[in-house]
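Using the numbering used here, the first residue of the sequence shown is number 192, and each one after it goes up by one.
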Amino acid sequence: MEVKNYAKEQQSISGFIPINVGAGKSNLDAALWWPESAAQTHNDIDVHLIDPSGIERAKGYSGVSVFERTGVSGALQTGTWVIRIRGYNVPTGSQTVYWATHVRN
Numbered sequence: 192m193e194v195k196n197y198a199k200e201q202q203s204i205s206g207f208i209p210i211n212v213g214a215g216k217s218n219l220d221a222a223l224w225w226p227e228s229a230a231q232t233h234n235d236i237d238v239h240l241i242d243p244s245g246i247e248r249a250k251g252y253s254g255v256s257v258f259e260r261t262g263v264s265g266a267l268q269t270g271t272w273v274i275r276i277r278g279y280n281v282p283t284g285s286q287t288v289y290w291a292t293h294v295r296n
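And the structure:
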């Protein structure tokens, strides 16, 4: 996935990834990673977990890191959850982002 940020216009491009969660599942985890060189300005990319009702249940915080993760503990609402990946501050214009999720039984 590639995310972009347009700081001049103060808007960002988000990616929305649907995750189907069946009955009786618990603990949804999501993680991001993106490559940066030491000479590159740090990109700030956020991950959010949104439940089937459209309510944000968790968001990550990475600080000055190329990793970000978040999760929801306990019983999960059945249905389609959404992982929202947002380029909060991407001064280079775009950034490739890798993601992973895990749902426990």
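Glycine included, every Cβ here is placed at the ideal spot set by N, Cα and C.
None of the values given here were measured: they were computed from a predicted structure.
Three-state secondary structure assigned by DSSP to residue i
i	result
residue 273	strand
residue 232	coil
residue 289	strand
residue 250	strand
residue 242	coil
residue 266	strand
residue 227	coil
residue 261	strand
residue 256	coil
residue 209	strand
residue 294	strand
residue 221	strand
Cα-Cα separation, residue i to residue j
i	j	result
residue 231	residue 260	22 Å
residue 264	residue 278	25 Å
residue 285	residue 255	18 Å
residue 233	residue 283	9 Å
residue 258	residue 229	15 Å
residue 208	residue 246	15 Å
residue 212	residue 249	16 Å
residue 210	residue 253	22 Å
residue 242	residue 296	17 Å
Residue i vs residue j beta-carbon contact at 8 Å
i	j	result
residue 269	residue 214	yes
residue 219	residue 262	yes
residue 281	residue 216	no
When the options are compared against residue i, the one with the closest alpha-carbon
i	options	result
residue 244	258, 267, 257	267
| query | Are three or more beta carbon pairs between the segment 218-237 and the segment 277-289 nearer than 8 Å? | reply | Output reads yes: the segment 277-289 touches the segment 218-237.
| query | Between the segment 228-247 and the segment 262-279, do at least 3 Cβ pairs fall closer than 8 Å? | reply | They touch, by the three-pair rule.
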